Amino acid sequence: MKEEKLKKDTAKEAEGKEARVRQTGGLKERLGRVKKTRWVRFGIVSVIFFAWVAWLGNWWVALAWLLLADIYLTQFIPWNWWKFSKNKLLRTVMSWVDAIVYALVLVYFLFLFVGQNYQIPSSSLEKTLLTGDFLWVNKMVYGPRVPQTPLHFPLAQNELFGCKSYIEHPQLDYHRLKGLRKVERGDIVVFNFPAGDTVCVDEPNPDYYTQVLEHGRDAVWSQHKVIYRPVDRRDNYVKRCVGLPGETLKIVNGIVNINGRNIPEPKNVQYNYAVKVNGNSPDYDYLTNELGVSNEDIGRNITVDPLTGQQFISPELYLPLTAAMKAELEKCKWVSSITRAQYGEGEGLITYPVGVNYGWTHNDYGPIWIPKKGASIELNEKNLQLYGRCIKDYERANLEIKGGKAYIDGKPASRYTFKMDYYWMMGDNRDNSLDSRFWGFVPEDHIVGTPMVVLISFDKDRGWTDGKIRWNRIFSDANPDK
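Given below as structure tokens:
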């Protein structure tokens, strides 16, 4: 052991001496001392770097190659200064710091330009994606975005240990690199939550705009800590794209209609059903373990006697079911009947545009036109209600309304031409999904990527010895309908 330790210490001392020699002399001397293996590594890194610069389309970034040349070859900057130290503790600590920094830089570029992991937090896409699924999200399909807030910690979206995980300045303009294709109908898409630009950090749910609608802006600002988040630092959501730029969407009794035609529903689309129980107690184990209904989605009709405080549970459940699940549940002896739950106007449901009553519900919605890049609209009262947020907040046009007329940059404007494409996103669990019906369009600069594979999946309704890990979902297709 002592001999091995002595050999390691001797090797480290020799490495330190060699590093000190490399960092002396002029350019010619330094280059002459570089080993062939280091030249090879520098050549490989250079090829990858210039391919990345070409992909970025910004050749000013190529100047950073000089920094790479110094790191690998000339070392005019003493990158490995700590290797010269006689303090063993300092060398040990700095060797770990050096490894961690390299790993974080690698993760930073991997997450920005290739893909990243994402966890499904809610049941809005069941049964296609389940609560507890961990996904690998591919950013190269639609083309990765150049980071708008480049100074951020790569392993956190917007918070780290209760503090911001990013520095707000500098902020870069939106730019997306060339991808394999554009967003298509039926794609499951991860995107930044559009209504997440303003957030009550101490009470994020419901979202800021819903709270303002319910309580008033002054009350929200006086009672909560309100902050603004840049586009790429807003919370990540995942939904299915059902409407594309330039299309007209309408929903009739839950069925999505595009340009006058009903579109095929996902195989595992779910709707809420009222399940009447025939006197026997419902088999909740069957519902969660066999049928696969999430505990959070089991609705019970509970009333409380105002005099005694006693609770009364109605013999009726509200469950999201696929057609196959409904057929299985109808076979249960304790089930009396199963009927589609109906939702209508006046039930407290907020629809987009928030604060405007068109008589739309999440079951019967629209028609509404989805903005397309290069397309123009007339700036009348209704269009300003539907698209004013897109124009002012997403495209950042200086839009003002004075006396019922629109002004852009202080000048009267009768029309507006969109600068970006927009998309309409919905969950497969149609009656339990807060999606575009509630907060509107998803701009193209909010698109993150598309999930490709389920890495692993955990069932939060089960224990570790009772099937918590869903083994059958590991490395399964994250979008089997495509």
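Numbering (my numbering), first residue to last: 6 to 487.
Glycine is no exception: its CB is placed at the ideal position from the N, C-alpha and C atoms.
All figures in this text were calculated on a predicted structure; none of them were measured in a lab.
- Whose CA, out of N277, R222, T215, D486, lies closest to the CA of P269? As a working note, residue 269 is residue 264 in the sequence shown. Considering only alpha carbons, the answer is D486.
Review point. The beta strand (DSSP E) spanning N122 covers which residue range?
Key: Position 117 of the sequence shown holds residue 122. Its beta strand (DSSP E) spans residues 120-124.
Q: Take I375 as the anchor and find which of A346, E386, T133, V447 has the nearest alpha-carbon.
A: Locating residue 375 in the sequence shown gives position 370, where the first residue counts as 1. When only C-alpha atoms are compared, the closest one is V447.
Fill in: Of the residues K465, M430, F463, the one placed nearest E449, counting alpha carbons only
If you number the sequence shown from 1, residue 449 lands on position 444. Among K465, M430, F463, the Cα nearest to that of E449 belongs to M430.
Residues near E352 by beta carbon distance below 6 Å, same chain, minus five either side:
Numbered from 1 along the sequence shown, position 347 holds the residue referred to as residue 352. Any reading at E352 must be qualified, since the residue scores a pLDDT of 48, below 50, and its modelled position is unreliable; no value is offered.
Please report the straight-line C-alpha distance between K378 and N385, rounded to a whole angstrom. For the purposes of this step, residue 378 is taken as the residue at position 373 of the sequence shown. For the purposes of this step, residue 385 is taken as the residue at position 380 of the sequence shown. Rounded to the nearest angstrom, the two C-alpha atoms are 19 Å apart.
Problem - For Y278, the first and last residue of its enclosing beta strand (DSSP E) - result: By 1-based counting over the sequence shown, the position of residue 278 is 273. Per DSSP, Y278 belongs to the beta strand (DSSP E) from 276-282.
inquiry  = Using only the alpha-carbon positions, how far apart do E350 and E321 sit?
reply    = Position 345 of the sequence shown, counting from 1, holds the residue named residue 350. Position 316 of the sequence shown, counting from 1, holds the residue named residue 321. Bear in mind that the predicted position of E350 carries a pLDDT of just 42, short of 50, making it unreliable; the figure below should be weighed with that in mind. The alpha-carbon atoms of E350 and E321 are separated by roughly 22 Å.
State buried or exposed for Q275, treating a residue as buried only when at least 16 other CB atoms are found within 10 Å of its CB. Here the question's residue 275 lines up with position 270 in the sequence shown. When all chains shown are included, Q275 counts as buried.
As assigned by DSSP and simplified to three states, the class of F114: As a working mapping, residue 114 is identified with position 109 in the sequence shown. Looking at F114 - three-state DSSP - the assignment turns out to be helix.
So what's W374 in DSSP terms, helix, strand or just coil? By one-based count along the sequence shown, residue 374 stands at place 369. Note: W374 maps to strand in three-state DSSP.
Exercise for review: Go through its chain and collect everything with a Cβ distance to H229's Cβ below 7 Å, but skip five positions before and after it.
Suggested key: The residue you call residue 229 lines up with position 224 of the sequence shown. If we look at H229 and ignore the five residues flanking it on each side, its Cβ neighbours are C205, D207, E208.
Among V359, P358, L292, Y428, the one whose alpha carbon lies nearest that of T327:
Numbered from its first residue, the sequence shown carries residue 327 at position 322. Checking every option, the nearest Cα to that of T327 belongs to L292.
Given this structure, state the Cα-to-Cα distance separating R38 from R238, to the nearest angstrom.
Residue numbering aside, residue 38 sits at position 33 when the sequence shown is read from its first letter. Residue numbering aside, residue 238 sits at position 233 when the sequence shown is read from its first letter. If I take the Cα positions, the gap works out to 45 Å.
Beta-bridge partners of P199, as assigned by DSSP
If you number the sequence shown from 1, residue 199 lands on position 194. Answer is none; P199 lacks a bridge partner.
May I have the straight-line CA-CA distance separating V282 from S341, to the nearest angstrom? Along the sequence shown, one-based indexing puts residue 282 at 277. Along the sequence shown, one-based indexing puts residue 341 at 336. Computed Cα separation, rounded: 5 Å.
key: Own chain partners of G304 with C-beta closer than 8 Å, once the 5 adjacent residues on each side are dropped   = One-based indexing of the sequence shown puts residue 304 at position 299. N277, L322, Y323, L324.
May I ask you to report which of helix, strand or coil DSSP gives E131?
Numbered from 1 along the sequence shown, position 126 holds the residue referred to as residue 131. The answer is coil: DSSP assigns E131 none of H, G, I, E or B.
- Item | Extent of the continuous alpha helix (DSSP H) to which E34 belongs | In the sequence shown, residue 34 corresponds to position 29, counting from 1. 32-37 is the span of the alpha helix (DSSP H), which, as asked, contains E34.
Are the beta-carbon atoms of F198 and Y147 separated by less than 8 Å? Here residue 198 corresponds to residue number 193 of the sequence shown, with the count starting at 1. Here residue 147 corresponds to residue number 142 of the sequence shown, with the count starting at 1. Cβ atoms of F198 and Y147: not closer than 8 Å.
Fill in: Residue range of the alpha helix (DSSP H) that includes T215
If you number the sequence shown from 1, residue 215 lands on position 210. Where T215 is concerned, the enclosing alpha helix (DSSP H) stretches over 213-220.
message: Assuming contact is defined by CB atoms lying nearer than 8 Å, are G201 and R234 in contact in what I supplied?
response: Translated into the one-based positions of the sequence shown, residue 201 becomes position 196. Translated into the one-based positions of the sequence shown, residue 234 becomes position 229. In contact: G201 and R234 (Cβ atoms closer than 8 Å).
Where do the N-terminal and C-terminal ends of the beta strand (DSSP E) with F139 fall, by residue? Position 134 of the sequence shown, counted from the first residue, corresponds to residue 139. Element bounds for F139: 138-143.
Q: Could you tell me whether any Cβ in chain D is nearer than 8 Å to the Cβ of D426?
A: Absent from the structure is chain D; it holds one protein chain and no more.
| said: Can you look up I396 in the DSSP assignment and give me helix, strand or coil? | reply: Walking along the sequence shown from the start, residue 396 turns up at place 391. Three-state result, I396: helix.
Same chain only: Cβ atoms within 6 Å of K183, ignoring 5 sequence neighbours per side: Mapped onto the sequence shown, residue 183 falls at position 178. Cβ within range, chain order: G148.
Check your understanding: So what does DSSP say about H229, is it helix, strand or coil?
Key -> Looking up residue 229 in the sequence shown gives position 224. Correct three-state label for H229: coil.
Worksheet item: Who does Y412 pair with in a DSSP beta bridge?
Response: One-based indexing of the sequence shown puts residue 412 at position 407. The partner list for Y412 (beta bridge, DSSP) reads E405, P417.
Item to check | Closest residue to G360 among L95, R222, S129, Q176 (Cα-Cα distance) | outcome: Here residue 360 refers to the residue found at position 355 of the sequence shown. Checking every option, the nearest Cα to that of G360 belongs to R222.
Item to complete: For I452, I'd like the list of residues in its chain whose CB is within less than 7 Å of its CB, leaving aside the five on either flank, ordered along the chain.
Response: As a first step, residue 452 must be located in the sequence shown, where it is residue number 447. Only Y147, V188, V194, F196 meet the Cβ criterion.
Item checked: Three-state class that DSSP yields for R467 in the structure shown -> The residue labelled residue 467 in the question sits at position 462 within the sequence shown. In the structure shown, R467 sits in coil (DSSP, three-state: anything other than H, G, I, E or B).
Margin query: Suppose contacts are defined by Cβ-Cβ distances below 8 Å. Is V458 in contact with A418 by that definition?
Written below: Along the sequence shown, read from residue 1 onward, the residue named residue 458 stands at position 453. Along the sequence shown, read from residue 1 onward, the residue named residue 418 stands at position 413. No. Outside cutoff.
Proximal residues to L134 (C-beta, below 6 Å), its chain only, five neighbours per side dropped | Residue 134 sits at position 129 when you count from the first residue of the sequence shown. Counting only Cβ-Cβ distances below 6 Å, and skipping sequence neighbours, we find I125.
Note to self: Check for me: the beta strand (DSSP E) holding D253 runs from which residue to which?
What the structure shows: On the sequence shown, position 248 is the one that residue 253 refers to. The sequence as given places Thr at residue 253; Asp does not occur at that position. Element bounds for T253: 253-257.
Exercise for review: Determine, using beta-carbon pairs with one atom in the region 245-255 and one in the region 150-168, whether at least three such pairs fall under 8 Å.
Suggested key: no
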